[in-house]
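K.L.:
Could you have a look at this structure, given as structure tokens, before my questions?
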Amino acid sequence: MEAKSRPDDLVTAADKGSEEIILKMLNRHFPDHGILAEESGKLGDQTSKYTWAIDPIDGTTNFAHNYPLFAVSIGLLIDGIPQVGVVYNPALDQLFRAARGLGATCNRVPMQVSKTQELSRSMLVTGFAYDRRETKDNNYAEFCHLTHLTQGVRRSGSASVDLASVACGSLDGYWERGLSPWDVAAGIIILEEAGGKITAYDRSPLVLSSGRILATNGLIHDQLSEALLTTPPLSSWDQ
Ligand code: IPD
Ligand code: CA
Ligand code: CA
4 MEAKSRPDDL
14 VTAADKGSEE
24 IILKMLNRHF
34 PDHGILAEES
44 GKLGDQTSKY
54 TWAIDPIDGT
64 TNFAHNYPLF
74 AVSIGLLIDG
84 IPQVGVVYNP
94 ALDQLFRAAR
104 GLGATCNRVP
114 MQVSKTQELS
124 RSMLVTGFAY
134 DRRETKDNNY
144 AEFCHLTHLT
154 QGVRRSGSAS
164 VDLASVACGS
174 LDGYWERGLS
184 PWDVAAGIII
194 LEEAGGKITA
204 YDRSPLVLSS
214 GRILATNGLI
224 HDQLSEALLT
234 TPPLSSWDQ
């Protein structure tokens, strides 16, 4: 198994094999479209209005440790906006799908976000990017703060599974920084079609290239945004 940007940023033969199969299919069916694939980078016609964002295994660390939270994530962006998405977790045999205006399903059963209205009754999920040891903006302070304010914060290790989990109502909200478009393109449309809300941390419209995302059932969105914007520094935990 190789490491990429850092010793804990892994790539397995399965990441490469999965991406190869997906690229072959897309090239066969949509040779004129653009592609943004985690392991191969930009391919195809980058001026096309259609771009496929591919994460061949989202949750590679989990996969490498045999922990069953990982997924293949494929999203179609049209003019930069996610319109079609599929997230498949083979270990749990869960297939999440959505297309703009057509709703979202898990294993063909329509799904909806949770009805939790209060942050204090919510369960959330987040993640920590591979640069976490090199930046103070590493989400540790936010994780502590939200752990105090909610019934719990999980760290699943797969952004696409996180978005799908909010979409199906198992979790109420998700935030993370340091993400790439392939991590979230599919999950965004799946969550939106399940009735969820996705913005930047400050509730302004999401900018995919910012790498920051705030995704909830809609009902706790303002409360979670406020909590993220007012997170005290980690040093305040010493007192
Ligand atoms: C990672 C996962 C993880 C998130 C990281 C991502 P990878 O993707 O989605 O949950 O916290 O920021 O890079 O490397 O397993 O494809
Ligand atoms: Ca990923
Ligand atoms: Ca990956």
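Residue 4 is where the sequence shown starts when you use this note's numbering, and the numbers rise one by one after that. Quick reminder that beta carbons are idealized off the backbone N, C-alpha and C, glycines included. Since this is a predicted model, take the numbers as computed values, not measurements.
Rounded to whole angstroms, what's the CA-CA distance from residue 127 to residue 153? Just pull it up for me.
P.N.:
C-alpha separation (whole angstroms): 8 Å.
K.L.:
Any contact of the segment 117-127 with the segment 91-99, i.e. 3+ C-beta pairs under 8 Å?
P.N.:
Judged by Cβ distances under 8 Å, the segment 117-127 makes no contact with the segment 91-99, as fewer than three pairs qualify.
K.L.:
Does any residue of chain B have a CB that is nearer than 7 Å to the CB of residue 239?
P.N.:
Looking at the structure shown, chain B is missing, and only one protein chain is on hand.
K.L.:
Looking at C-alpha atoms only, which residue of 204, 199, 212, 114 is the closest neighbour of residue 222?
P.N.:
Residue 199 is the option with its Cα nearest to residue 222.
K.L.:
Residues in the same chain with beta-carbon distance under 6 Å from residue 225, minus the five sequence neighbours each way, listed in chain order, please.
P.N.:
Counting only Cβ-Cβ distances below 6 Å, and skipping sequence neighbours, we find nothing.
K.L.:
Consider the C-beta atom of residue 186 and the heavy atoms of ligand 2; say whether any pair is separated by less than 6 Å.
P.N.:
Under cutoff, so the answer is yes.
K.L.:
Is the segment 160-171 touching the segment 99-115 in the sense that three or more CB pairs, one from each, lie closer than 8 Å?
P.N.:
Because the criterion of three Cβ pairs below 8 Å is met, the segment 99-115 and the segment 160-171 touch.
K.L.:
Specify the secondary structure class of residue 103 as computed by DSSP and reduced to three states.
P.N.:
If DSSP states are grouped into helix, strand and coil, residue 103 belongs with coil.
K.L.:
Kindly list the residues whose CB is nearer than 8 Å to the CB of residue 105, restricted to its own chain and excluding five residues on each side of it in sequence; keep chain order.
P.N.:
Result list for residue 105: 196, in chain order.
K.L.:
Quick check: the Cα distance between residue 130 and residue 33, rounded to an integer number of angstroms?
P.N.:
One C-alpha to the other measures close to 33 Å.
K.L.:
Please work out which residues of its chain come closer than 6 Å, Cβ to Cβ, to residue 57, disregarding the five sequence neighbours upstream and downstream, and give them in chain order.
P.N.:
These residues qualify, in order along the chain: 25, 40, 77, 185.
K.L.:
Hey, is the segment 230-239 in contact with the segment 140-147, meaning 3+ C-beta pairs nearer than 8 Å?
P.N.:
With the cut-off at 8 Å, the segment 230-239 and the segment 140-147 touch.
K.L.:
Looking at the secondary structure, which residues open and close the alpha helix (DSSP H) in which residue 65 lies?
P.N.:
63-67 is the span of the alpha helix (DSSP H), which, as asked, contains residue 65.
K.L.:
Identify the residues that DSSP records as bridge partners of residue 97: which are they?
P.N.:
Bridge partners of residue 97: 92.
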